[in-house]
Each structure stands twice: as C-alpha cells, then as structure tokens.
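A short write-up of the structure that comes next.
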Amino acid sequence: MLKNYIIKNWKSLFKIQWISFSIFIILTWIYYWDKTAHVYFNRNPEILTIQSLFSSMMTWFFVFFTFVVLIYPLLFGIQVYFVRHKEESNKKLLFLFVLYLLSIVSVFSLYTINSSHAIRTAFLCL
31 MLKNYIIKNW
41 KSLFKIQWIS
51 FSIFIILTWI
61 YYWDKTAHVY
71 FNRNPEILTI
81 QSLFSSMMTW
91 FFVFFTFVVL
101 IYPLLFGIQV
111 YFVRHKEESN
121 KKLLFLFVLY
131 LLSIVSVFSL
141 YTINSSHAIR
151 TAFLCL
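Numbered per the working numbering, the sequence shown finishes at 156, counting up by one with no gaps.
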C-alpha cells in the first residue's frame, strides 16, 4: 500500500518536499541576518511587531524542522528504495538530499541564535 502510494504520487511528493525545504532554508537565511528579531526567538513576544511575529513563526518552524531532521532519513530511505528504478528520480533524490543537508544546517543555525545573542549581550554589559 505504501509502495503504491509513493510510486503513484512521486512527483507531487517531490514538489511538496522541495518547496517545504526551500521555504524553510530561505526563511532561516532571512531570519539569521535579521539581528534585531533574535531577541524574540523562542520567547513569548511582549509587544506584537512584525519582527516578534516573524520570530514566533521561526520558532515554530524550528521545532517542526527539528523533528523533520530526525525523522526524514527514514522517509527518504523508503522513497529511495521504492523509486530507485525510475530514471528521472536519481537527480531529484540527490536534490532532495542536498536540501535535507541544508535544512540540517539551517536548524543548527537557528539553534545557535539564542546562545550567540546571550554572548553578545554579556559582552555589551561588560
């Protein structure tokens, strides 16, 4: 049943995966360079602004993609096993794997935001 679903819907599954990975990577890149929004990361915003809402959204994406980073290798392995015989799938699977690796980097960059902000704040207090 799972095999038939993956084979039948391979192209739509691929589009969903690459779009979700790409959006997460782009938003992480934007958020990583928006230094003023880092104050609100993983905290409840006291004042609702664009940056605090963006930080809240990125916190939820961080939590979701932390689970994706942990679970996706199993799902990716299942896809590789079932779709490996299709000629067009090899390049797409490699592309998904690269996006997955970039998502891991994005999750770790979001993970370091609070600690880098705390270190910077400690230096400013001195």
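From the three backbone atoms N, C-alpha and C, an ideal C-beta is built for every residue, glycine too.
DSSP-derived helix/strand/coil call for residue i
{"i": "L78", "result": "coil"}
{"i": "K116", "result": "coil"}
{"i": "K41", "result": "helix"}
{"i": "F94", "result": "helix"}
{"i": "N72", "result": "coil"}
{"i": "M87", "result": "helix"}
{"i": "T142", "result": "coil"}
{"i": "L156", "result": "Because the pLDDT at L156 is just 39, under 50, the model does not fix this residue reliably, and the value given afterwards should be weighed accordingly. L156 falls in the coil class under three-state DSSP."}
Closest by C-alpha distance to residue i, when choosing among the options
{"i": "W40", "options": "L126, A67 and T142", "result": "L126"}
{"i": "F138", "options": "L100, Y111 and K121", "result": "L100"}
{"i": "L21", "options": "K122, T96, M87 and I77", "result": "The chain is shown from 31 up to 156; residue 21 falls before or after that span and cannot be answered."}
{"i": "W63", "options": "Q81, N72 and I49", "result": "Q81"}
{"i": "S50", "options": "G107, E76, F94 and E118", "result": "F94"}
{"i": "L131", "options": "S52, K38, S42 and I46", "result": "S52"}
{"i": "V98", "options": "V110, S133, I77 and Q109", "result": "S133"}
{"i": "E140", "options": "H115, T89, Y102 and V128", "result": "Reading off the sequence, residue 140 comes out as Leu, not Glu. For the residues H115, T89, Y102 and V128, the minimum Cα distance to L140 belongs to T89."}
{"i": "Q47", "options": "F106, T66 and M31", "result": "F106"}
{"i": "I36", "options": "F84, K116, L129 and V135", "result": "K116"}
Close-in-space but distant-in-sequence residues of the same chain around residue i (CB under 6 Å, 5 per side omitted)
{"i": "K122", "result": "F44"}
{"i": "S119", "result": "V113"}
Sequence-distant residues of the same chain with beta carbon closer than 8 Å to residue i, five excluded per side
{"i": "K33", "result": "F112"}
Residues near residue i by beta carbon distance below 7 Å, same chain, minus five either side
{"i": "F153", "result": "Residue placement at F153 is flagged as unreliable, the pLDDT there being 38, under the threshold of 50; a coordinate-derived value is accordingly withheld."}
{"i": "T162", "result": "One cannot answer for residue 162 here, as it falls past the ends of the chain, which runs 31 to 156."}
{"i": "I60", "result": "none"}
{"i": "I143", "result": "H68 and F71"}
{"i": "F91", "result": "F54 and L57"}
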